[in-house]
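Residues 85 to 1012, numbered by the numbering used here, are exactly what the sequence shown covers, in order.
Note sheet for the following structure.
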Amino acid sequence: MTPSEATTGADGPADRAAEWRVVAYVATLLLGTVATVLAGLTWDLVPPGNGPWLGLPFLAAALVAAEQLRIRYRRGSDVDAITLFEAVLAPLLFTFPPHVVVVTVAISQAITAVLRRTVWIKAAFNISMWSLAAGVGSLVLGLLVRESGATLESLGFLVIALAAVAVVNNTAFTVVLAISGRQSLTSVLRGLAPIIVPGWIGGWLVNLLMGLLFVLADAGHPIAVVLFPMPLVVLHLAYRGYASARTDRRRLTGLRAAVTALSEPLRPFDAIDDYLCEVVRGFESRAAALVVLDETGEYDTYLLAPPASTAEERQTTPLERTLANASEPTRVAATDGHPLAAKLADAGWRECLCAPLVDEHRRLGVLIVYDRTGLEGTATADLVVLEALARETAHTLARGRLFESVLEERRKLDQIVSTTSDGIFTLGEDGSVLSWNSACEQITGLTEAAVLGQRDTMQCLEARTTAGSRVDFSGWAADPALPHDIVITTLRGAHRRLSCSTSPAADVDGRSETLVVVARDITPVEEHEELREQLSRLAEAQAAQRLVVDHLQKAVAPEPPEIEGADLAVNYVASDPSSPTGGDLYDWHLLPSGELHLAVVDVLGHGVAATKAALTVVHTLRFIAVEGTPLDRVVARADSLLSAQDSDLVATVVVARYNPATGDLRVASGGHPPALVVGADGEVTQIAATGGAIGWPAVGSDNVVTVRLRIHESLVLYTDGLIEARKDILEGMDSLVRHASEVAYLPAHRLAEELVDRALSGADRRDDSLALVLRRTRVRARPERMRWCSDPADAAAVKSARRGLLEWLTNEGRAADDPLLVASELLANAVNVARDSVVLTAELLDGLVVLEVSDDGPGDANLDSRGRRLPDADSEAGRGLFLVRCLSEQVTILSTTEGTVIRCSVAARRRSAATDGASAGRLVGPGR
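Have a look at this one:
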C-alpha cells in the first residue's frame, strides 16, 4: 500500500508547520535507510539467491510497472492505492545484497514519481519509506538465512522479511498521515480500520504469494524474469474487476434504499433527510444535494454533508443552478477542462456527478453527488446508476406534488362548503343526513351534531312546497324529482323560503348513491323587494334633480367668446356637493369696443338661491359694461340698480377689461380679494384694486389698476373660498400665491384646476371656490383641415390620431364628444381590415365636423347597407356603424377591392364651461 496522493498542502501557518514536520520525518526515514545500508555492508550479508546481474534492470522496471498497475481508493481527502510492489520486491530481496536492494528501490520510486509528476515532498516520502522498508527486509533476510538456494527454510525467512517490509511500510504510512493531518495515531488507525484487513493484510498476502512465485520462477531459469509483467497485468485486471463489482453493488444497494426511503411517506419531502443519507452512503460521497424547481420557478436546494444527519435547506449556488439546467447526466472534476471546473473548485468540491430530474418531459431539478470515495469505479457506471435514481426520484416527487394538489383542492372544497352562504347537505339512500355545513346551521338553527345520521331532519323542519304540500326528502332515492322552492320552519319558529338544487352522486366503487342538496335562503330577497322599489323611486327623483342641476349649470355658464390672443379657463367647486351651484359666479363678454369684459361675483349665501342672486349681479354688470359705463363707476352703478330690486343682496365683485390686441388690462374691485398676475417664470404680482362691496356702505371702486399682460402672462380672478379654506386668510393668501408660482407653466385650464385643488386639499369645504384664468397668447391661424395617417398594426399611432382630433376640436372651441366617438368607431373598423394604412381627416364646414376615414383593405360591397337599423342582441357586427349613422347628419360610404372611404358630417357644437366642467358641482372652463 502506498500513500501516493496524501494531502500535505501549505495554505496557512499551521499547514506549513505540518509540512516541515513531514520533511523532518522524511529525513529520519532517510537516515534509517542509510543505517540499513551501512549495516548490510558492515555485516557482509549475503542473500540466499544468486541471480544474474543482467536481471536487475528487469526487476527495476518491474518495480516501476508494479507502482503503475494499482487500484486506488480514497480515505476522506487522501488517496491511497493497493499495488504489487512487494511482490516484485521479493525476488530482489532474495537475490541481491541490501545496498543493491535499497538503491534499486530508491531508483524505481524516483522514476515512478517522475512518471506521475508527484509533488516533491510526497515523492521524497515514498522513496524514503520504501527504501527503508526494503533495507530492513533485506537485513532481516540476510541475518536469518544460513544456506543458499530456494530451500523451504530460505523461503520461510523470505516470508518473515516481507512481513518486516509490510510492518515498516504501514507504520511509516500511518505516522505520516498523523503528522500531515495533525491527528493522533489512534484516530488515524480508527479511520484506517475499514481497510486494514482487505487492504493491508489482504494486499500483503497477495503480494507474498506472487513474490514467492517470482522467486521460484527466478530460481528455475533466468528467462522467467521476462514473464514477470504477465501476472501483474492479470492481477491488476482482477483487482479492477473486484473494485468495479463492489462499487456497482454498493451503488445499486444505495439506489434501492434511497428510492424506498423517498417513496414510503405520502409527502416525499418529509423523507429528504433519509433519502440523502442513503444517496451519500450508496455513492460513498462527502455530500449529496437535491435541487428542486418549485411551483414559482425558483430552485430549492437540500444539501446533506455527513456527519450531519439532517439536510440543510439553503439558497441555490450558481454551480447548482447551472447543473440544474443540464440536459443529461454529467461528471465534473475540478482538475479537468470542464467549463464548470472553476465553479466546482470555488465551491470547495473535488468532483461531482449530476443527473437531471425529469418526469414526462417536465424538468423538476437535479440530483448531485459530491466527492465520491471508496474503491475506484468507473464514472460511466456511476452516472448510469445516478440517472436511474434521478428518474425514480423525479417520478416520486411528481407523485408527491400531485398528492399535495389533491389535498389542497380538498381543503379548498371543504373551505368553500364551510364558508359559503348557501346551505349544503347530503342525504344517504335511506334519507339520513351525511353532511350538514355551517350555512345550514345558520339557516335552520339545527347543529351538525344534532342532524347527522337522522332521517327525519326535514320533517322536523316541516319542509313543504310554496303551496303547503309536504316534501318527503327521505324517499328521494325512489323519486329524485324534488321541488326547487321549499318553505321550512326553523327551530325558532321563523319561516324561511329556500331555493334548492339537487344532484345525485355515486361513491367511488359505484355501490351506493348520495343526494347533494344546495339550498339558498331567498327570504331576504323577498323582504328587500319593497326596499328596492323605494330605492328605485328615490333614484328617479335624484335623476330628475340632476337634470334640473344640469340645466341650471348650462344656464349660468356663459358661452366662451370668439377671441384671438386670449386663453380663458375657469374651475368651480361648490361648498355643498349635493347642490353643485352656489353664490360664486363668473362672466365674460366681448364688448362692442373689442375689449373683453370679465367679472367674478361672490354673493353672500349658498345653494340655488345664492346662484339666482349671483346671476342677477353678473347680468347687471354685463348690462352696465355694454352700456358704456366707465370702469371706475361700474360697481357703484350696479349697487344702485340692484338695491332697488333687493335691498338685502350683498356681494363682492371684481371687474376687468382686457384688450386682446395690446394686452392692456384694467381691474376694478368691489370688496373682492386682490387679483393676481402670474408670469410664465412663476413671478406673482397682486393687483391692488380696492373698493366697497355691493350692499354695504361706501360701495364702489376706490381705484382702477392698469397693467399690460405680456405674452404667456396670466390674470387670475378668484373668490374667497380659495383663501379661507383653512380659516387663516393671510396664510391662505400666501398659499395661493405660492401655488400660482409653482404651477405657472401649466395651460390655463390646468392652472385653474390646480389652484382650486391645492387650496381645498386637506381643508374643510366651507365656501364655494372659483378660479378664473385669462392668459395672453400669440395670435395664430388655426388649421381648418387636419389629417392623421396610422399603421393598423401600431396601436399607439391610432391612439395618437384620436388624441390629435380631440386637441384640434378643443382648440377650435368645439364639443368633441360626438365627433370623437364617431371617429373612434370608424378607426376601429378600419384597423381590423386595413393592410398597410389608415387615414383620418377632419374639416370644419358650416358648423359641422366633416370626418373621413379611409383604409386600403379588401372592401365590402354590402357595407353601405349595414348599420341602418339596430342589430340583434346576439349580433357582434354592425353596432359601430349603427352608432355612426345615429350621431351623424350625413354618411356616405364607398367600398371597393382597393379600399374603403367613409365620410360623415357630425354636428360641432361650441363648447361651454358646463360642457368642460366635471360633474357634481365642478365646472371647468374651455381652453380657447
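All C-beta atoms, glycine included, are put in the ideal place defined by N, C-alpha and C.
query                                                                                                                      : result
Span of the alpha helix (DSSP H) around F257                                                                               : 236-264
Residue from A926, S553, R483 whose Cα sits closest to the Cα of E444                                                      : R483
Cα-Cα separation between T196 and V229, rounded to whole angstroms                                                         : 31 Å
Uninterrupted beta strand (DSSP E) stretches inside the segment 503-576 (no shorter than 3 residues)                       : 507-511, 517-520, 569-573
Burial state of A369 (16 or more Cβ within 10 Å)                                                                           : Note on residue identity: the sequence assigns Ser, not Ala, to residue 369. Label assigned to S369: buried.
Selection from V600, R993, A547 that minimises the alpha carbon distance to H579                                           : A547
Cβ shell of R554 (< 6 Å), same chain only, five flanking positions each side left out                                      : R548
I244 to A410 span [Cα, whole Å]                                                                                            : 56 Å
Reduced DSSP category for E896 - H, G, I as helix; E, B as strand; rest coil                                               : coil
Reduced DSSP category for L814 - H, G, I as helix; E, B as strand; rest coil                                               : helix
Beta-carbon contacts of L793 that lie in its chain and below 6 Å, excluding the five residues immediately before and after : G747, L749, R860
DSSP bridge partner residues for H1048 (one or two, in chain order)                                                        : An answer regarding residue 1048 cannot be provided, because it is not within the stretch 85 to 1012 covered by the chain.
Euclidean distance between Cα positions of C438 and L473                                                                   : 11 Å
G124, buried or exposed, once every other Cβ within 10 Å from all chains shown has been counted against 16                 : buried
Cβ-based burial, K496 [other Cβ within 10 Å; buried from 16]                                                               : exposed
Top-ranked residue by Cα proximity to A565, from S585, I572, G577                                                          : S585
Reference V535; option with closest CA among R953, G515, A426                                                              : G515
First through last residue of the beta strand (DSSP E) which encompasses A991                                              : 983-991
Exposure label - N254; buried when at least 16 CB within 10 Å                                                              : buried
Cβ pair V821, L760 closer than 8 Å                                                                                         : yes
Cβ-Cβ separation, A523 to T504 (assumed contact under 8 Å), whole Å                                                        : 6 Å
Touching by the beta-carbon criterion (3+ pairs, under 8 Å), the segment 901-919 and the segment 982-998                   : yes
Extent of the continuous alpha helix (DSSP H) run through Y904                                                             : Note that residue 904 is Leu in the sequence shown here, rather than Tyr. Segment 901-917, the alpha helix (DSSP H) holding L904.
Selection from W288, T270, Q267 that minimises the alpha carbon distance to V252                                           : W288
Within 8 Å, strictly: CB atoms of V654 and A836                                                                            : yes
Same chain, Cβ closer than 8 Å to V343, five either side skipped, listed in chain order                                    : L473, E476, T477, T480
Same chain only: Cβ atoms within 8 Å of R576, ignoring 5 sequence neighbours per side                                      : G529
Proximity of L429 and A418 at Cβ, strictly below 8 Å                                                                       : For the record, residue 429 in the displayed sequence is Ala; it is not Leu. Closer than 8 Å, so yes.
Simplified DSSP state of G666, which is helix, strand or coil                                                              : coil
Segment limits, beta strand (DSSP E) that includes W433                                                                    : Note, W433: premise wrong, no beta strand (DSSP E); not H, not E.
Contacting residues, own chain, Cβ-Cβ under 7 Å from T1013 (five flanking each side not counted)                           : Here the chain covers residues 85 to 1012 and nothing more, so residue 1013 does not appear.
Spatial neighbours of V934 in its chain, beta-carbon cut-off 6 Å, leaving aside the 5 residues before and after            : E927, S989
8 Å contact criterion, which L336 and F487 should meet: CB distance rounded                                                : So it is not a contact: roughly 28 Å between Cβ atoms.
DSSP state of V453 mapped onto helix, strand, coil                                                                         : strand
Three-way DSSP call (helix, strand, coil) for H690 in this model                                                           : coil
Range covered by the beta strand (DSSP E) that runs through E837                                                           : Careful: E837 lies outside any beta strand (DSSP E), inside the alpha helix (DSSP H) at 832-844.
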